[in-house]
Each structure stands twice: as structure tokens, then as C-alpha cells.
Amino acid sequence: MDAMFFYIAAAVAVLSTVMVITSYNMIHALIYLIISFLAVAVVFFLLGAPFIAALEVIIYAGAIVVLIIFVIMMLNLREETVAQERSWLTKEIYIIPSILSAILLIELVFILTSSGSGTLDQPAISPKEVGKSLYTVYVIGVELSGILLMSGIVGAYHLGRQKKKVVHRYLENVDL
Amino acid sequence: MKTVPMEAGLVLAGILFILGLVSVLIRRNVIFMLISVEIMLTAAGLAFIVSGARWAQPDGQAMFIFIVTMAAAEVSVGLALILQIYHQLKTLDGDAANAMKG
Chain A
124 MDAMFFYIAA
134 AVAVLSTVMV
144 ITSYNMIHAL
154 IYLIISFLAV
164 AVVFFLLGAP
174 FIAALEVIIY
184 AGAIVVLIIF
194 VIMMLNLREE
204 TVAQERSWLT
214 KEIYIIPSIL
224 SAILLIELVF
234 ILTSSGSGTL
244 DQPAISPKEV
254 GKSLYTVYVI
264 GVELSGILLM
274 SGIVGAYHLG
284 RQKKKVVHRY
294 LENVDL
Chain B
181 MKTVPMEAGL
191 VLAGILFILG
201 LVSVLIRRNV
211 IFMLISVEIM
221 LTAAGLAFIV
231 SGARWAQPDG
241 QAMFIFIVTM
251 AAAEVSVGLA
261 LILQIYHQLK
271 TLDGDAANAM
281 KG
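Put into C-alpha cells, the structure is as follows:
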């Protein structure tokens with residue numbers, strides 16, 4: 124595995140994520156998010172996880188981002204949301220969260236780098252091994268994630284349903 | 181051909197997670213907050229993949245698949261909630277949903 128490719132993909136991932144959190148336009152943020160996910164997929168591929176790299180592209184960059192774009196289209200958000208976002212996201216809002224998170228990040232980097240621990244040049248792990256592991260050791264986890272997806276479907280249907288308002292004609296002009 | 185130390189991968193995961201965390205903290209728009217949570221989940225998955233690659237075991241990838249499942253369920257329910265909030269309050273402001281004065 125070439126170290127140069129890893130660092131380039133990591134830099135692209137970090138830069139595009141910074142663009143996501145600083146952009147005012149929601150669609151632009153989502154496009155940068157796709158770039159970020161693709162860069163992370165390249166990192167996964169270089170780390171010897173080709174199956175997970177494909178999964179990252181298909182599910183994150185494909186399904187989840189498209190789902191969010193569909194919701195933005197359904198809500199019919201226009202340019203005024205950009206102006207609203209510009210008024211919400213002022214410079215002074217950044218300061219305190221950024222400082223506190225930067226302190227935590229510095230601590231994390233210090234802890235990680237103070238204890239040297241091996242390199243990542245192991246051979247790639249094939250989807251076959253992942254599948255074997257999933258259906259022997261983690262079979263209960265697979266069943267539980269099936270239940271989780273089922274409850275996700277039911278919950279999304281229940282919450283997303285538009286209730287038909289039945290209002291008596293005497294009450295129609297009353298502000299409830 | 182140089183090799184990448186394990187710390188580099190974990191530091192990348194940490195940076196991405198912190199960026200997502202900052203984004204959750206500074207945004208008021210609920211859709212942006214959902215996007216930030218997705219960034220944080222990807223970063224957590226990256227840490228699992230790095231650990232799996234360090235010891236050449238498939239367990240990290242199995243955990244990533246569970247994280248993807250959870251993220252998919254979470255984003256679908258979250259977007260349904262956002263639709264309801266927008267229909268009821270006509271705004272995407274996360275602070276507007278305070279009818280219970282919590």
C-alpha cells in the first residue's frame with residue numbers, strides 16, 4: 124500500500140469535510156459530502172477493505188445523500204434558506220465549539236502518537252472472510268440489524284405519513 | 181513504498197469526527213445537523229476499519245456494516261422527523277421545536 128495515496132486521499136477527505144461544514148448552500152454541502160465519502164472510500168480501499176469501499180460508495184454516497192437531496196426537493200427549499208443560513212452561521216458561533224473541539228483533538232492526537240502501534244501494510248481482507256465472520260461470529264448482530272431496519276421502515280412510514288385533517292365546518296375558521 | 185502507521189489512520193478518523201462534532205454544535209438547520217451526524221458515523225467506521233487493517237481481521241469490516249445499517253435507519257427516521265417538523269413549524273430551525281419548553 125502506497126503511503127502517498129493514503130495521505131492524498133486523507134487530505135481530500137478533510138478538506139471536503141471542512142467545505143461541508145462551512146458552506147451555506149445545502150446542495151453544495153451535499154456535493155462536498157459526496158467528495159468526502161469518495162475520499163474515505165479510497166482510504167478504505169488502500170487499507171485493504173475493498174468490499175467496504177464499494178459499500179461506502181453505494182450506501183453513503185449513493186443512497187443516503189440522494190435521500191437527503193430528495194427531502195430537500197420535497198421541502199422546496201429556495202434561495203432564502205441560503206440567506207437564513209448565512210444569518211445563523213456567524214463568525215462568533217464558530218469560536219467556542221472550535222476551541223473546545225480543537226483541545227480534544229490535540230489530546231487525542233497526543234495520546235495516539237505517544238504510544239507507537241504497528242503499521243497498516245497487512246494483506247487485503249476479502250469479502251468472503253467478512254461474510255464468514257458476519258454469519259458465524261456476528262450472526263446475532265445481523266439479525267438485530269434486520270430488526271433495526273424493520274423498525275426504521277415502520278418508524279419512517281409512521282412519522283412521514285400526512286394525517287388527513289378532519290375539521291368540523293364550525294371549526295374550520297377557528298385558529299386551533 | 182513506505183508504510184502508513186496506524187496512528188495516521190486513527191488521527192484521520194479523529195479529525196473527521198471532530199469536524200462533524202463542530203458542525204453539529206454550530207448549525208441550527210436540522211438537515212445540516214443530520215449531515216454532520218453522518219460525517220461522525222463515517223469517522224467512527226473509519227476507526228473500525230483501521231483497527232481491522234492493523235490486525236488483518238475481518239471484525240472491523242463486520243462492525244462497519246452494522247454502522248452502515250444503523251446510519252441508514254437513522255437517516256430515514258431523521259428525515260421523516262424533519263418533514264414533520266417542517267410541516268408543523270414551517271421552518272428548519274432546530275431551536276423552533278421547543279413547544280415542551282425543554
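Quick mapping for you: the protein sequence lines, in order, are chains A and B.
For the first sequence, counting from 1, position 6 maps to 129 in my numbering; every step adds exactly one.
For the second sequence, counting from 1, position 69 maps to 249 in my numbering; every step adds exactly one.
The C-beta atom is built at its ideal place from N, Cα and C for all residues, glycine as well.
Cβ of residue i within 8 Å of any chain B Cβ
i	result
residue 224(A)	yes
residue 131(A)	no
residue 177(A)	no
residue 149(A)	yes
residue 140(A)	yes
residue 259(A)	no
residue 248(A)	yes
residue 161(A)	no
residue 202(A)	no
residue 126(A)	yes
residue 184(A)	no
residue 206(A)	no
residue 215(A)	no
Chain A within 8 Å of residue i, Cβ atoms only
i	result
residue 277(B)	no
residue 264(B)	yes
residue 227(B)	no
residue 250(B)	yes
residue 285(B)	Beyond the ends of chain B as shown, which are 181 and 282, falls residue 285(B); an answer cannot be given.
residue 217(B)	no
residue 253(B)	yes
residue 210(B)	no
residue 269(B)	no
residue 260(B)	yes
residue 224(B)	no
residue 186(B)	yes
Residue-level contact to chain E via CB, residue i, 8 Å cutoff
i	result
residue 275(A)	As a matter of chain content, chain E is missing from the structure shown, whose protein chains are A and B.
Span of the alpha helix (DSSP H) around residue i
i	result
residue 255(A)	250–259
residue 205(B)	186–206
residue 241(A)	From DSSP, residue 241(A) is part of no alpha helix (DSSP H); its letter is neither H nor E.
residue 279(B)	Unbroken run through residue 279(B): none, as it is neither H nor E.
residue 275(A)	262–283
residue 207(A)	202–211
residue 145(A)	126–145
residue 151(A)	149–169
residue 173(A)	173–178
residue 181(A)	Residue 181(A) -> no alpha helix (DSSP H), and no H or E assigned at all.
residue 191(A)	188–198
Nonlocal neighbours in the same chain, by C-beta distance under 7 Å from residue i, ignoring five residues either side
i	result
residue 205(A)	147 and 148
residue 155(A)	139, 142, 143 and 146
Beta bridge counterpart(s) of residue i as assigned by DSSP
i	result
residue 209(B)	273(B)
Nonlocal neighbours in the same chain, by C-beta distance under 8 Å from residue i, ignoring five residues either side
i	result
residue 277(B)	265 and 269
residue 192(A)	150 and 153
Contacts around residue i, its chain only, beta-carbon distance under 6 Å, and the 5 residues preceding and following it disregarded
i	result
residue 214(B)	258
residue 240(B)	228, 229, 231 and 232
Would you call the region 197–210 of chain B and the region 238–254 of chain B touching, i.e. three or more CB-CB distances under 8 Å? Contact between the region 197–210 of chain B and the region 238–254 of chain B is not established, with fewer than three Cβ pairs separated by less than 8 Å.
Is it true that the region 256–266 of chain A meets the region 217–236 of chain B, where meeting means three or more beta-carbon pairs spaced less than 8 Å apart? Of all C-beta pairs linking the region 256–266 of chain A to the region 217–236 of chain B, fewer than three are shorter than 8 Å, placing the two stretches out of contact.
Cβ pair count under 8 Å reaching 3, the region 271–281 of chain A against the region 189–205 of chain A: no
How do the region 129–146 of chain A and the region 156–166 of chain A stand: do at least 3 beta-carbon pairs fall below 8 Å, yes or no? Between the region 129–146 of chain A and the region 156–166 of chain A, the count of C-beta pairs closer than 8 Å reaches three or more; the two stretches touch.
Are there three or more Cβ pairs, one per stretch, closer than 8 Å when the region 224–234 of chain A is compared with the region 175–187 of chain A? no
Between the region 226–237 of chain B and the region 168–179 of chain A, do at least 3 Cβ pairs fall closer than 8 Å? yes
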